[in-house]
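Protein chains in written order, with my numbering: chain G, 172 to 630; chain Z, 2 to 226.
Ideal Cβ positions, reconstructed from N, Cα and C, are used throughout, including at glycine.
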Amino acid sequence: MRLSSARLALLYTALVTLLTGVLLVSVYLLTRSALEREIAAVVRAEVEDLADDLRLGGLDRLVATLNLRSDSWGRTGAVFLLADSNFRHVAGNLTEWPRDIPATPAAMVEFEIIARERDLRVLHPVEARIERLSNGYWLLVGADTSERQNVLRRFGLATLWGVALTALCVWLLGAAYARRTARRVRGYADTCESIIQGDLTQRLHVDGSGDEFDALAAAVNGMLDRIEQQTTTLRAAFDSIAHDLRTPLYRLRMRLEEAQLRNSGDAEPSRETLEIIGPALEELDRVQRTLATLLAIARAEAQGVTTHADRVDFAALTANLVELYAPGMRAAGLDVACDAAASATLTGNRQLLAQLITNLLENALKYVPSGGQVRVRVASSPQSIELTVADNGPGIAAEDRAAALQPFVRVGDSSRTSGSGLGLSLAAAVARLHRARLTLGDNAPGLIVRVEFPTDTRS
Amino acid sequence: MHLLLIEDDAEAARFLAKGLRESGYVVDIAADGREGLFRATEGTYDLIVADRQLPHFDGLSIVAMLRRNGRHTPVLILSALGSVDDRIEGLRAGGDDYLTKPFAFGELLARIEALLRRGNQPEVTTRIKIADLELDLLGRKVSRAGKAIDVTSKEFQLLEFLARRVGQVVTRTMLLEAVWDLHFDPQTNVIDVHVSRLRAAIDKGFERPLLHTVRGAGYVLRDAS
């Protein structure tokens with residue numbers, strides 16, 4: 172899972188590193204140029220002093236000054252050379268005019284000198300200014316820049332370290348923040364998942380900091396409160412509907428049973444019982460079943476979550492129910508087989524799942540003519556458990572399939588078959604409740620019903 | 002046998018009481034939850050039939066209170082609320098059985114009988130013998146007049162259920178619940194085919210039929226002679 176907060180942290184790190192880098196490098200460059208200018212200024216001042224000496228006291232005075240200054244090589248790193256017009260040494264601590272430097276007056280040059288340091292001959296870099304004196308002689312005044320270069324090198328290293336450390340710190344902080352954010356968001360996702368799985372009482376965690384996450388959590392919690400309240404209201408409504416519809420049915424049944432008892436008791440059933448009361452009771456049972464199914468569908472849809480859920484071996488349940496229906500189906504001339512050997516466990520409401528399976532089996536029993544074939548299969552894979560009920564009966568035409576899943580729609584000649592037309596819609600509702608997909612297809616010929624249940628991603 | 006019926010619907014109460022009295026029970030009626038609780042705690046009844054939705058105290062609270070006071074009188078709960086969750090709630094509260102309205106009177110009778118007999122039966126563990134029919138419960142085998150009979154595992158479970166309630170009427174719903182753990186009403190009477198096959202296995206070719214159909218109610222395993 173690509174987190175945008177991780178990407179944000181990375182971007183932030185890159186930007187800060189870039190800016191810090193630019194800043195530090197600028198400081199480095201400024202420092203370097205400042206040092207360069209300083210040396211240049213000092214050297215120029217020195218040259219002017221010496222030129223004054225020449226003007227005021229002539230060559231001798233200049234030479235004397237130079238001899239004095241040359242002694243201070245060890246302390247200041249100053250380099251002096253007075254050369255004649257043929258560049259031959261006259262005075263100064265530099266032994267000869269450096270090779271390979273342009274003979275342009277008033278210019279800054281760079282070269283290396285070999286200095287003796289404690290019996291070691293070491294190369295030193297020098298920056299110097301060359302002057303053509305009024306008498307044709309050449310003057311070179313310079314400074315040892317090895318110190319300066321050391322400083323700069325160290326400064327440069329510090330700069331690099333600074334940039335690297337900044338990058339590291341920003342990255343660590345950014346990553347920590349990103350992880351914290353991600354954990355918070357993932358916590359919300361987990362809570363929502365468990366709400367979807369069934370626990371409507373869960374709420375998103377509010378840590379009291381009042382930040383935007385808290386605001387989001389509070390809003391979602393408000394929504395959940397509302398849903399919970401509506402569910403409770405709906406459930407109460409269903410209970411009272413159940414009561415209000417069932418009580419008259421109950422009274423009706425009682426009266427019919429009373430009439431039945433009055434007419435026959437234990438003896439042979441009377442004509443009235445057979446022709447009127449018996450069929451009336453059957454119709455009543457039919458109404459009662461329709462009502463029960465409608466209420467079951469409504470509850471399944473309204474709940475949105477399964478209140479009572481167990482670990483159900485779906486394969487065993489299917490095999491069990493096929494075994495219940497098999498003799499009846501065979502008696503109706505159907506060839507029925509079931510392939511549900513391997514255990515396939517999912518979390519759900521066992522009775523509702525049983526109703527789903529029996530509805531599909533009952534439809535097969537109802538619609539497939541004698542001589543037909545019914546195949547039931549439960550297949551399980553790591554991601555899903557799939558139930559298929561396939562027959563080679565009349566099937567459902569493609570244009571009728573969507574409608575067939577709606578309540579009270581019956582495909583084909585509805586007068587021929589008993590039932591309320593709710594079987595498939597209850598199956599569809601139970602599938603939805605278990606986050607499964609129910610599809611109708613062409614078994615070429617016949618109908619194939621597929622119900623695909625996702626297996627738990629976490630147990 | 003002395004029964005207490007707690008039902009606020011006067012007409013339903015009248016009908017049920019009449020039917021139960023005609024079946025040989027002595028019936029007291031309580032018209033609301035308060036009276037029901039009072040009578041249940043004061044009197045000694047063999048079984049209580051309680052409607053769930055009552056004025057003052059609902060049926061489940063009555064059962065819960067009875068159980069808390071150590072009363073183990075069997076209670077059969079009647080209710081218009083028939084979802085699986087409602088049923089589970091009813092049984093968890095302490096009820097022994099749960100019937101959804103509307104139900105056939107025969108169903109109610111059969112279940113009352115089953116609850117009453119339940120307490121009196123000794124623990125049958127190994128063999129059941131009815132006339133010349135013998136069930137080996139450990140070996141899961143059936144024989145009649147010494148001859149072994151071939152039945153499927155489910156047919157054996159059906160037979161065992163009937164045999165443990167020999168002489169009592171067993172309804173289709175009870176069979177579906179006990180042998181297939183189904184708590185709803187399937188449309189077709191698929192269970193009839195199973196019972197017919199069982200009957201063919203144990204009665205065909207033998208002198209005395211043992212597995213009888215009780216019209217309008219269910220089945221009974223009994224030696225009629």
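Using the three-state DSSP reduction, which class does residue i fall into: helix, strand or coil?
i        : result
Z/Tyr99  : strand
Z/Lys205 : coil
Z/Asp182 : coil
G/Asp382 : coil
G/Trp309 : strand
Z/Asp137 : strand
G/Arg430 : Note that residue 430 of chain G corresponds to Ala in the displayed sequence, not to Arg. Helix at G/Ala430.
G/Phe251 : strand
Z/Tyr220 : strand
Z/Thr127 : coil
Z/Val170 : coil
G/Ile272 : coil
G/Gln373 : coil
Z/Phe104 : coil
G/Val549 : strand
G/Leu455 : helix
G/Met425 : helix
Buried or exposed: residue i, going by 16 or more other Cβ atoms within 10 Å of its Cβ?
i        : result
Z/Thr101 : buried
G/Ala185 : exposed
G/Ala249 : buried
Z/Thr214 : exposed
Z/His195 : buried
Z/Asn70  : exposed
Z/Leu199 : buried
Z/Met175 : buried
G/His605 : buried
G/Asn306 : exposed
G/Met500 : buried
G/Met425 : buried
Z/Gly168 : exposed
G/Arg587 : Residue confidence for G/Arg587 is low, a pLDDT of 49 falling below 50, so the modelled location carries little weight; the figure read from the coordinates is stated next. So G/Arg587 counts as exposed.
G/Phe624 : buried
G/Gln554 : exposed
G/Asp361 : exposed
Z/Val143 : buried
Z/Gly37  : buried
G/Ile285 : exposed
With residue i as the anchor, note down where its beta strand (DSSP E) starts and where it stops.
i        : result
G/Leu593 : Looking at the DSSP string, G/Leu593 is not in any beta strand (DSSP E), and its letter there is neither H nor E.
Z/Asp86  : Careful: Z/Asp86 lies outside any beta strand (DSSP E), inside the alpha helix (DSSP H) at Val85 to Arg93.
G/Pro625 : Leu618 to Pro625
Z/Ser80  : Val76 to Ser80
Z/Val215 : Leu212 to Val215
Z/Val143 : Lys142 to Arg145
G/Glu611 : The residue asked about is misnamed: residue 611 of chain G is Leu in this sequence, not Glu. Run containing G/Leu611: Arg608 to Asp613, per the beta strand (DSSP E) assignment.
G/Arg303 : Leu291 to Arg303
Z/Leu21  : Careful: Z/Leu21 lies outside any beta strand (DSSP E), inside the alpha helix (DSSP H) at Ala11 to Glu23.
G/Ala262 : His260 to Ala262
G/Ala508 : Asp506 to Asp510
G/Ala575 : Premise fails: G/Ala575 lies in the alpha helix (DSSP H), Arg572 to Ala575, not in any beta strand (DSSP E).
Would you give the residue range spanned by the alpha helix (DSSP H) that residue i belongs to?
i        : result
G/Ser175 : Ser175 to Ser241
Z/Gly60  : Gly60 to Arg69
Z/Gln158 : Ser154 to Arg165
G/Val493 : Phe485 to Ala502
G/Ile528 : Arg521 to Tyr538
Z/Thr42  : Gly34 to Glu43
My understanding is that residue i touches residue j, with C-beta atoms under 8 Å, so please give their C-beta distance in whole angstroms.
i        : j        : result
Z/His184 : G/Gln522 : 5 Å
G/Leu611 : G/Ala574 : Contact flag wrong, Cβ pair sits at about 10 Å.
Z/Leu92  : Z/Leu48  : About 16 Å separates the two Cβ atoms, so there is no contact after all.
G/Leu252 : G/Trp268 : 6 Å
* Asked: Relative to chain Z, which residues along the stretch 406-433 of chain G have a C-beta separation below 7 Å, given in chain order?
  -> For the stretch 406-433 of chain G, the set of positions with a beta-carbon nearer than 7 Å to some beta-carbon of chain Z reads Asp410, Ala413, His414, Arg417, Thr418, Leu420, Tyr421, Arg422, Arg424, Met425, Glu428 and Glu429 in chain order.
* Anything in the stretch 493-516 of chain G with a Cβ closer than 7 Å to a Cβ of chain Z? List those residues in chain order, please. => Residues passing the 7 Å Cβ filter: Glu494, Leu495, Tyr496, Pro498, Gly499 and Ala502.
* **the stretch 379-407 of chain G: positions lying closer than 7 Å to chain Z by Cβ** => Look at the stretch 379-407 of chain G: it has no residue with a C-beta under 7 Å from a C-beta of chain Z.
* Check each residue of the stretch 519-532 of chain G: if its Cβ is closer than 8 Å to any Cβ of chain Z, include it; give the result in chain order. => If the cut-off is 8 Å between Cβ atoms, the stretch 519-532 of chain G has Asn520, Arg521, Gln522, Leu523, Ala525, Gln526 and Thr529 near chain Z.
* Listed in chain order, which residues of the stretch 54-67 of chain Z have Cβ atoms closer than 9 Å to some Cβ of chain G? -> Under the 9 Å Cβ criterion, the stretch 54-67 of chain Z contributes Gln54.
* **Near-chain G residues of the stretch 187-204 of chain Z (beta-carbon distance less than 9 Å), N- to C-terminal order** => Residues of the stretch 187-204 of chain Z with a Cβ closer than 9 Å to any Cβ of chain G, in chain order: Pro187, Gln188, Thr189, Asn190, Val191, Ile192, Asp193, Val194, His195, Ser197 and Arg198.
* To do: Report the residues of the stretch 460-473 of chain G with a CB closer than 8 Å to any CB of chain Z, ordered along the chain.
  => For the stretch 460-473 of chain G, the residues whose beta carbon sits under 8 Å from a beta carbon of chain Z are, in order, Arg460, Ala463, Leu466, Ala467 and Arg470.
* Could you list the residues in the stretch 133-160 of chain Z with a C-beta less than 7 Å from some C-beta on chain G, going in chain order? => Answer in chain order: Lys155.
* **Residues within the stretch 23-42 of chain Z neighbouring chain G, beta-carbon criterion of under 9 Å** => Of all residues in the stretch 23-42 of chain Z, Glu23 have a Cβ within less than 9 Å of some Cβ in chain G.
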